[in-house]
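Throughout, the working numbering is defined as the position within the sequence shown, counted from one, plus 74.
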Amino acid sequence: MSEVKTEEEQIEAFKAWWKKNGTSLVLAVAVGVGGYFGFQAWQTSQANHLAEASSLYQNLTEAASDLDKEENQKTVRFIAQQLADDYDDTGYAMFSQLFVARIDAQAGNYDAAVTALSTVVEQSEDAAFDAVANIRIARLQAEQEQYDSALATLNAVQQSEFAGQVEELRGDILLAQGKRDQAREAYESASAAMGEGAQHPLLEIKLKDLVKG
Numbered sequence: 075m076s077e078v079k080t081e082e083e084q085i086e087a088f089k090a091w092w093k094k095n096g097t098s099l100v101l102a103v104a105v106g107v108g109g110y111f112g113f114q115a116w117q118t119s120q121a122n123h124l125a126e127a128s129s130l131y132q133n134l135t136e137a138a139s140d141l142d143k144e145e146n147q148k149t150v151r152f153i154a155q156q157l158a159d160d161y162d163d164t165g166y167a168m169f170s171q172l173f174v175a176r177i178d179a180q181a182g183n184y185d186a187a188v189t190a191l192s193t194v195v196e197q198s199e200d201a202a203f204d205a206v207a208n209i210r211i212a213r214l215q216a217e218q219e220q221y222d223s224a225l226a227t228l229n230a231v232q233q234s235e236f237a238g239q240v241e242e243l244r245g246d247i248l249l250a251q252g253k254r255d256q257a258r259e260a261y262e263s264a265s266a267a268m269g270e271g272a273q274h275p276l277l278e279i280k281l282k283d284l285v286k287g
């Protein structure tokens with residue numbers, strides 16, 4: 075998978091990666107475990123299984139395009155539960171929890187959102203997906219003023235492509251704790267991680283405010 079720089083790009087990368095590789099992965103497992111005997115029937119069954127999960131996930135993402143509508147929120151929850159119950163071996167079930175968490179967070183149900191995101195961390199075998207979930211967990215913890223927990227969660231994110239996001243959020247948390255010098259250092263690290271020439275006006279404002287102070 076190519077390097078991604080934002081959470082939304084990671085989501086799109088997952089969908090593209092799974093559509094490209096999901097079927098071939100499960101078929102490879104079948105060859106290794108079951109041999110050729112009965113393989114054709116198994117292949118057809120698994121192909122249908124993946125197609126059903128893919129169709130459900132597509133419906134979920136369409137509903138998730140406008141989560142301000144209560145009807146769409148209900149649709150996302152219903153499909154996510156169906157994926158968890160019947161297609162938990164496909165990857166779609168795990169990733170649908172990001173949308174469930176978004177709904178809960180928007181409603182102020184932070185504990186429920188953290189639970190959904192923790193499911194992603196527990197089930198994912200991809201470090202980048204873990205990073206996306208942990209960054210969102212840290213944001214929710216910060217919203218609840220659980221600052222030490224939020225910082226600990228951020229420490230679990232080691233992927234370099236997320237360094238800018240991690241350090242900026244770390245700066246926000248440290249600033250909320252009144253640790254201005256440490257916050258400035260985190261913002262400077264975030265700016266360096268994002269690279270020269272990158273446009274991040276909000277981060278620049280945060281840095282300037284601390285320098286003035």
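Virtual Cβ for every residue (Gly too), placed ideally from N, Cα, C.
C-alpha gap between residue i and residue j, whole angstroms
| i | j | result |
| --- | --- | --- |
| R213 | T193 | 16 Å |
| A179 | A187 | 6 Å |
| L243 | P275 | 15 Å |
| T80 | S128 | Here the model assigns T80 a pLDDT of 46, short of 50, so the residue's position is not dependable, and the following value carries that caveat. Using only the alpha carbons, I get a separation of about 23 Å. |
| E144 | S170 | 17 Å |
| A201 | Q233 | 7 Å |
| R254 | L281 | 10 Å |
| N122 | D160 | 13 Å |
| E196 | D222 | 21 Å |
| S198 | S119 | 24 Å |
| I247 | M268 | 19 Å |
| N183 | A226 | 21 Å |
| L284 | V206 | 28 Å |
| F173 | A138 | 7 Å |
| A260 | E126 | 45 Å |
For residue i, three-class secondary structure by DSSP
| i | result |
| --- | --- |
| H123 | helix |
| G238 | helix |
| K280 | helix |
| N183 | coil |
| M268 | helix |
| V285 | helix |
| E259 | helix |
| V231 | coil |
| S192 | helix |
| Q197 | helix |
| G290 | The structure shown does not extend to residue 290, since the chain is modelled only from 75 to 287, so the question has no answer here. |
Enclosing alpha helix (DSSP H) for residue i [first to last residue]
| i | result |
| --- | --- |
| D204 | 201-217 |
query = What are the uninterrupted segments assigned as alpha helix (DSSP H) that are 4 or more residues long and contained completely in the segment 115-175, given in chain order?
reply = 144-160
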